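Q: Numbering (the working numbering), first residue to last: 483 to 723. The beta-carbon is built from N, C-alpha and C at its ideal position, and this holds for glycine as well. All figures in this text were calculated on a predicted structure; none of them were measured in a lab. Below is one structure. I have some questions about it.
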Ligand SMILES: *Cc1c(COP(=O)(O)O)cnc(C)c1O
């Protein structure tokens, strides 16, 4: 069995165990394979092992791989999870199925307009990125501003609002991990409860949180999508978040 296939199996086992431990169904939690810095051949290998959702951080690198693997769509589903600058929104709108990292209105508006120009693709699925650790270096809106941004995005054409995404500061302290994820889940649940019947909230079902080192805590706190890179593809040698 190949290394990536073996790693994928282990990660799926971790996901199942974590789901069971909190009385959840493993099917409620989607595994996103984060393939940034790894070549298209690794993505194909993971695909042959049954993986279909892939996450990328750098637009230019991602577009190269997406183009190379174009014939494997729609089986392959591409998620943009990195920081998004205004001058890169067009490529994101034209190439991705999802964008997890919207943290300001301007980016959402540009994605909406630019996705409208390639309407054959259907709506872009989007999450609002929240900042739970108050770190200057991390992107994301404060939890207190997430609802307002969601409300505006819910009304933009060509985007489907799917939920919230968070990257808490890495820590080995389990209690701190749980606390951060729980605060995102609470924010998500409040928005969902409040806007249950509002237009634009029909598909608000995604809590994108948890990575290689903290997926168990994220799943225990309600994650519906874990983004796992290192545990599937190995250590990245490029410096990257
Ligand atoms: C790189 C990255 C991941 C994957 O991190 P690992 O620790 O390698 O699992 C998940 N989410 C985001 C936003 C990332 O940039």
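1) With a threshold of 7 angstroms (Cβ to nearest heavy atom), would residue 518 be considered close to ligand 1?
2) With a CB to CB cut of under 6 angstroms and the five nearest residues on each side skipped, what residues in its chain are close to residue 723?
3) Answer with buried or exposed for residue 705, where buried requires no fewer than 16 other C-beta atoms within 10 angstroms of its C-beta.
4) Which of the three DSSP states is assigned to residue 531 in this structure?
5) As a quick exercise: from 569, 484, 621, pick the residue whose alpha carbon is nearest that of residue 651.
6) Taking DSSP as the reference, what is the three-state secondary structure of residue 515?
7) In chain order, which continuous runs of the beta strand (DSSP E) of length 3 or greater are located wholly inside the segment 537-604?
8) Is the beta carbon of residue 517 less than 8 angstroms from the beta carbon of residue 536?
9) Could you check if residue 685 is buried or exposed, using at least 16 other CB atoms within 10 Å of its CB as the buried criterion?
10) Where residue 489 and residue 698 are concerned, what is the direct C-alpha to C-alpha distance, given to the nearest angstrom?
11) Here's a check: name, in chain order, each residue in its chain whose Cβ is nearer than 6 angstroms to the Cβ of residue 711, leaving out the five neighbours to either side.
12) Of the choices 580, 661, 584, 529, whose alpha-carbon is the least far from that of residue 557?
13) Measuring straight from C-alpha to C-alpha, what distance separates residue 682 and residue 483?
14) Write down the C-beta distance between residue 641 and residue 632 rounded to the nearest angstrom, noting that I regard them as a contact closer than 8 angstroms.
15) Ends of the alpha helix (DSSP H) at residue 658?
16) If we ignore side chains and look at the alpha-carbon of each, how far apart do residue 494 and residue 678 end up?
17) Since residue 714 and residue 563 are thought to touch, with beta carbons under 8 angstroms apart, how far apart are those beta carbons, to the nearest angstrom?
A: Based on what the coordinates show:
1) yes
2) Its pLDDT being 47, under 50, residue 723 is placed unreliably in this model, and the value from its coordinates should be taken loosely. Correct list: empty, nothing qualifies.
3) Looking at its Cβ environment, which holds 16 or more other Cβ atoms inside 10 Å, residue 705 is buried.
4) coil
5) Ranking the options by Cα distance to residue 651, first place goes to 621.
6) Reduced to three states, the DSSP call for residue 515 is strand.
7) 559-562, 580-584
8) yes
9) exposed
10) Between the alpha carbons of residue 489 and residue 698 lies a distance of about 16 angstroms.
11) 516
12) 529
13) 44 angstroms
14) Wrong, their Cβ atoms sit about 11 angstroms apart, outside the cutoff.
15) Residues 656-677.
16) 31 angstroms
17) Residue 714 to residue 563, Cβ: 14 angstroms. No contact.
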